[in-house]
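So the protein lines, in turn, are chains A and B. As numbered in numbering that gives the first Met the number 0, residues 0 to 498 make up the first sequence, in order. As numbered in numbering that gives the first Met the number 0, residues 0 to 369 make up the second sequence, in order. Just so it is clear, CB atoms sit at the ideal spot from N, CA and C, and this is done for glycine as well. All remarks here apply to the structure that follows.
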Amino acid sequence: MTATRPLLELRDVHKSFDAVRALRGVSLELHAGEVHALAGENGAGKSTVVRIIGGEHRPDAGELLLDGEPTRLRGPREAQRHGIAVIHQEPTQFPDLTVAENVFMGRQPLRAGRRIDRSAMRARTAELFDALGVPIEPDRVTRGLSIADQQIIEIAKALAAEARIIVMDEPTAALSTVEAERLFRVARRLADGGAALLFISHRLEELAALCQRVTVLRDGALVTTAAMADVDRDTLVRSMVGRDVEQLFPGRDHEPGDAALVVEGLTRAGVFHDVSFTVRRGEVVGLAGLVGSGRSEVARAVFGVDERDAGTVTVAGRPLRGADPRVAIAAGLAMVPEDRREQGLVLDLSIERNATLPRLRAVSRWGVVRRARERAVAAEWAERLGLRFRRLADPVATLSGGNQQKVVLGKWLATEPVVLIVDEPTRGIDVGAKVEVHALLADLAARGIAVLMISSELSEVLGMADRVLVMHEGRLTAELDRAEATEETVMHAATGGRS
Amino acid sequence: MTSNRGTPNRTPGERDATQPQVRDQTEPSSRQRDPKAKIRGGGRELGIVIALVAVVGAATIARPSFLSAQGLHDLFLNASIIALLAVGQTLLVITRNIDLSVGSVMGLTAFLSGQLFLNDKDTPVILVVLAGIALGAVCGAINGALVAVAKVPALVVTLGTLYVFRGVDYAWASATDVQQVNAYQMSPEFLSLGSGSVLGVPNLTLIALAVLAVAAYGLHNYRAGRELYAIGSNPDAARLAGIPSGRRVFGAFVISGGLVGLGGVLHAAYFGTINASVGTGEELSVVAAVVVGGVAIFGGSGTVVGAALGALLLTTITSALPILGVPAFWQRAVDGAALLVAISLDRVVMLRLAARLREERGRRRAGGVP
Numbered sequence: 000m001t002a003t004r005p006l007l008e009l010r011d012v013h014k015s016f017d018a019v020r021a022l023r024g025v026s027l028e029l030h031a032g033e034v035h036a037l038a039g040e041n042g043a044g045k046s047t048v049v050r051i052i053g054g055e056h057r058p059d060a061g062e063l064l065l066d067g068e069p070t071r072l073r074g075p076r077e078a079q080r081h082g083i084a085v086i087h088q089e090p091t092q093f094p095d096l097t098v099a100e101n102v103f104m105g106r107q108p109l110r111a112g113r114r115i116d117r118s119a120m121r122a123r124t125a126e127l128f129d130a131l132g133v134p135i136e137p138d139r140v141t142r143g144l145s146i147a148d149q150q151i152i153e154i155a156k157a158l159a160a161e162a163r164i165i166v167m168d169e170p171t172a173a174l175s176t177v178e179a180e181r182l183f184r185v186a187r188r189l190a191d192g193g194a195a196l197l198f199i200s201h202r203l204e205e206l207a208a209l210c211q212r213v214t215v216l217r218d219g220a221l222v223t224t225a226a227m228a229d230v231d232r233d234t235l236v237r238s239m240v241g242r243d244v245e246q247l248f249p250g251r252d253h254e255p256g257d258a259a260l261v262v263e264g265l266t267r268a269g270v271f272h273d274v275s276f277t278v279r280r281g282e283v284v285g286l287a288g289l290v291g292s293g294r295s296e297v298a299r300a301v302f303g304v305d306e307r308d309a310g311t312v313t314v315a316g317r318p319l320r321g322a323d324p325r326v327a328i329a330a331g332l333a334m335v336p337e338d339r340r341e342q343g344l345v346l347d348l349s350i351e352r353n354a355t356l357p358r359l360r361a362v363s364r365w366g367v368v369r370r371a372r373e374r375a376v377a378a379e380w381a382e383r384l385g386l387r388f389r390r391l392a393d394p395v396a397t398l399s400g401g402n403q404q405k406v407v408l409g410k411w412l413a414t415e416p417v418v419l420i421v422d423e424p425t426r427g428i429d430v431g432a433k434v435e436v437h438a439l440l441a442d443l444a445a446r447g448i449a450v451l452m453i454s455s456e457l458s459e460v461l462g463m464a465d466r467v468l469v470m471h472e473g474r475l476t477a478e479l480d481r482a483e484a485t486e487e488t489v490m491h492a493a494t495g496g497r498s
Numbered sequence: 000m001t002s003n004r005g006t007p008n009r010t011p012g013e014r015d016a017t018q019p020q021v022r023d024q025t026e027p028s029s030r031q032r033d034p035k036a037k038i039r040g041g042g043r044e045l046g047i048v049i050a051l052v053a054v055v056g057a058a059t060i061a062r063p064s065f066l067s068a069q070g071l072h073d074l075f076l077n078a079s080i081i082a083l084l085a086v087g088q089t090l091l092v093i094t095r096n097i098d099l100s101v102g103s104v105m106g107l108t109a110f111l112s113g114q115l116f117l118n119d120k121d122t123p124v125i126l127v128v129l130a131g132i133a134l135g136a137v138c139g140a141i142n143g144a145l146v147a148v149a150k151v152p153a154l155v156v157t158l159g160t161l162y163v164f165r166g167v168d169y170a171w172a173s174a175t176d177v178q179q180v181n182a183y184q185m186s187p188e189f190l191s192l193g194s195g196s197v198l199g200v201p202n203l204t205l206i207a208l209a210v211l212a213v214a215a216y217g218l219h220n221y222r223a224g225r226e227l228y229a230i231g232s233n234p235d236a237a238r239l240a241g242i243p244s245g246r247r248v249f250g251a252f253v254i255s256g257g258l259v260g261l262g263g264v265l266h267a268a269y270f271g272t273i274n275a276s277v278g279t280g281e282e283l284s285v286v287a288a289v290v291v292g293g294v295a296i297f298g299g300s301g302t303v304v305g306a307a308l309g310a311l312l313l314t315t316i317t318s319a320l321p322i323l324g325v326p327a328f329w330q331r332a333v334d335g336a337a338l339l340v341a342i343s344l345d346r347v348v349m350l351r352l353a354a355r356l357r358e359e360r361g362r363r364r365a366g367g368v369p
């Protein structure tokens, strides 16, 4: 480790959002020439650290030092001026503008009269992509580019800004092995050139291969900072999770029943192709794959949100006609979507109203909602789900992420489904709530519901699923039973290897 | 603004790693050009020109004088003020905003011109013009502040100010007891600004063309111009890119307001008759021209040239209808129909583009997996 002054330092940083304490005393040093890993479970506070470094949030307490100077970043622009570049989890492109404009937005090369020098901009963009080893046409609009290419544009942006502190928030989540390797080469070269990198990834092997030091966060608090060489994988996982991984997942042993959901030859042109699988009653089937592999899209097509170009979906022996969520719900399908804020909940409505939305008819008489009946149904579900709330009439927005997720689950369970599809059921919720959601899913399966679970978290898939389906680039590449499914076999299939 | 104009020499190691790489077959290749995506902008202008030629052609067959020098003169003259307003409106629509108060602001500034001449018939023309622009810019600043600082949606703000500004206009008329200002009460220089021409080209058209040229050049060549597109294309990304979105949107409102103010003064100079209801309903024609001109109503794309051509097309249709034997009361319906056709076309093009991009990626994937 270098003895020089760190380029960037966080000292005892605290940050709260409403009642949620996102960070509780986090300290971190980034040195020139170093690739520093930031590890922790979803909800541990990594993204908040990223946002504070990027100038999007200001710490409530504690300070941020640049070159040893306490600095208050008043916005992303100021962070950029200090040479900080953040490569966000979801690439942030301007879809209507060209690749070159995206790379140089806000810092276009100028010629006489402060006019934009387009030919220089184009040439430099081409130069950057050459250096990155990726052929992307500078003059095309970014609409329609793959996530991997968009990620590369984000990196080109950081290079164009001559950033010396570069934060990469899960840049490899959507990349294939080849693309990830390419990214690592770029990252190492940046560090060798004197930049300080903060690297976030859920793939622990990546951290070990790329980073010199690691800082672990858990529930918003700093657990440890250590040299990468000094920690093995198990230590790392234990410090992230705070207990042994096995305890995280409920033990489950029972025989699955009849086929509840049968999907055959499902195809949506350009998105996924010829996907076939079966989920039986009482079974939890995991659907794994990298971001962009088509997992969520398959779920949406099964549920009828998106059109299907070919293939059939059969629920409890009855084929679904056409793509219509109402038909799917009537047949006994329920889906908890990936983004619960956008698709699953009406944040401003009360807990009880959210919980009964999909079956308003059951709590209504002559088309008028009966409040008492609505409340009774909601209270019953809140009880069964172990929901923590103040009043059922409070808006859902006041609940924590984990409890919001429970409301979404409760909302769909109220329809008494045969098949439950959950997409990223524990994204962004804390470890404690995660355990409860997992227990809930296991309990549902034990009662004979067929559960199809989509998750980016490998540990979750391996811990919960009786069988694991793996997708790569729109195709099913593996179907592994519990004994066969390991981190290696799943990742192998998820990155295009065939089993 | 930062002035880092140097080359990105931060990473000297980059250059030596430029040997061509063999790309994994399964990777989507992006080198292919995307012709349709590029054509879209220019394609719309071409489409409007074709529609224009069709309308003018049909009207000329029905009445040959439609295409005479005088006929063309009138066509451009009719389109000039609305085109001026459309240019300003485009700046806002590009950023995902809108200004519905343009008709009222136009009425207010036209009325201001009249009042200035009632006060002193020899008021210098330049002073009247500048006063109109300044009043328009103030109105724009009020709209802009409410949108950019108070974060109220532009649709709501400008719907409100549409009534407020018009109310001020009527209150002013009633307080000064001025029902109407007529041509004889204005200076001859001012009236000749509205009706005169240079080498057969109306003054108003020259002014509109000059504004159009400046706006088109600015939007294309200056950072602030590109940032307007960025804000409309993805507001969150714009914030992350460090673009001062609030300031840019505020600026767009002020500039647009100033152009509307100019439009009000020119209206007064051209028609020579002003009352408090000038410009009523003008906002709909302006928004229609912008949308017909191919400016995406949800921001991010479109050009001022397209918007100006949209204005020309709509006013030309209006002039052609009576010649083609269509009763005048159909004009509004035809404007609306043009709007619907334009929006439907946009939608169809977008869907086809999306489908094609999906297919393309599907083919790459199918080719990549053996």
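Three-state secondary structure assigned by DSSP to residue i
i: R10 of chain A; result: strand
i: L312 of chain B; result: helix
i: L201 of chain B; result: According to the sequence provided, residue 201 of chain B is Pro. The question's Leu does not apply to it. Strand, per DSSP.
i: D116 of chain A; result: coil
i: M239 of chain A; result: helix
i: I47 of chain B; result: helix
i: T141 of chain A; result: coil
i: E263 of chain A; result: strand
i: Q20 of chain B; result: Residue confidence for Q20 of chain B is low, a pLDDT of 35 falling below 50, so the modelled location carries little weight and cannot support an answer.
i: D233 of chain A; result: helix
i: V180 of chain B; result: strand
i: G12 of chain B; result: Residue confidence for G12 of chain B is low, a pLDDT of 35 falling below 50, so the modelled location carries little weight; the figure read from the coordinates is stated next. DSSP places G12 of chain B in helix when its eight states are reduced to three.
i: A353 of chain B; result: helix
i: G105 of chain A; result: coil
i: P326 of chain B; result: coil
Identified DSSP bridge partners for residue i
i: F248 of chain A; result: F248 of chain A pairs with nothing; no bridge assigned.
i: M470 of chain A; result: A:G288 and A:L475
i: A375 of chain A; result: DSSP lists no partner for A375 of chain A.
i: H35 of chain A; result: A:L197 and A:R212
i: A258 of chain A; result: A:R279
i: T224 of chain A; result: A:T214
i: L96 of chain A; result: Answer is none; L96 of chain A lacks a bridge partner.
Unbroken alpha helix (DSSP H) run spanning residue i, endpoints
i: A333 of chain A; result: Premise fails: A333 of chain A lies in the beta strand (DSSP E), L332 to V335, not in any alpha helix (DSSP H).
i: L66 of chain B; result: Counting along the chain, L66 of chain B falls outside any alpha helix (DSSP H), and DSSP gives it neither H nor E.
i: G113 of chain B; result: V101 to N118
Contact check, residue i vs residue j, beta carbons under 8 Å
i: A319 of chain B; j: V54 of chain B; result: yes
i: A259 of chain A; j: V274 of chain A; result: no
i: Y221 of chain B; j: I115 of chain A; result: yes
i: A354 of chain A; j: K410 of chain A; result: yes
i: A287 of chain B; j: D334 of chain B; result: yes
i: A240 of chain B; j: G105 of chain A; result: yes
i: D121 of chain B; j: S194 of chain B; result: no
i: G245 of chain B; j: A147 of chain B; result: yes
i: A290 of chain B; j: L211 of chain B; result: In the sequence as presented, Ala is not what sits at residue 290 of chain B; that position holds Val. Against a cut-off of 8 Å, the Cβ pair of L211 of chain B and V290 of chain B comes out as no contact.
i: L413 of chain B; j: G298 of chain B; result: Residue 413 of chain B lies beyond the stretch modelled for chain B, which goes from 0 to 369, so this question has no answer here.
i: H35 of chain A; j: R212 of chain A; result: yes
i: V259 of chain B; j: G87 of chain B; result: yes
Where the beta strand (DSSP E) through residue i begins and ends
i: T277 of chain A; result: F271 to R279
i: L227 of chain B; result: Taken as a continuous stretch (DSSP letters only), L227 of chain B belongs to no beta strand (DSSP E), being part of the alpha helix (DSSP H) at R222 to S232.
i: P69 of chain A; result: E68 to T70
i: I86 of chain A; result: I83 to I86
Taking only beta carbons into account, state which residues of the stretch 91-125 of chain B come closer than 9 Å to chain A, listed in chain order.
none
According to a CB-to-CB cut-off of less than 8 Å, which residues of the stretch 98-111 of chain A neighbour chain B?
E100, M104, G105, R106, Q107, P108 and L109
Please list, in chain order, the residues of the stretch 62-75 of chain A that have any C-beta partner in chain B closer than 9 Å.
G74 and P75
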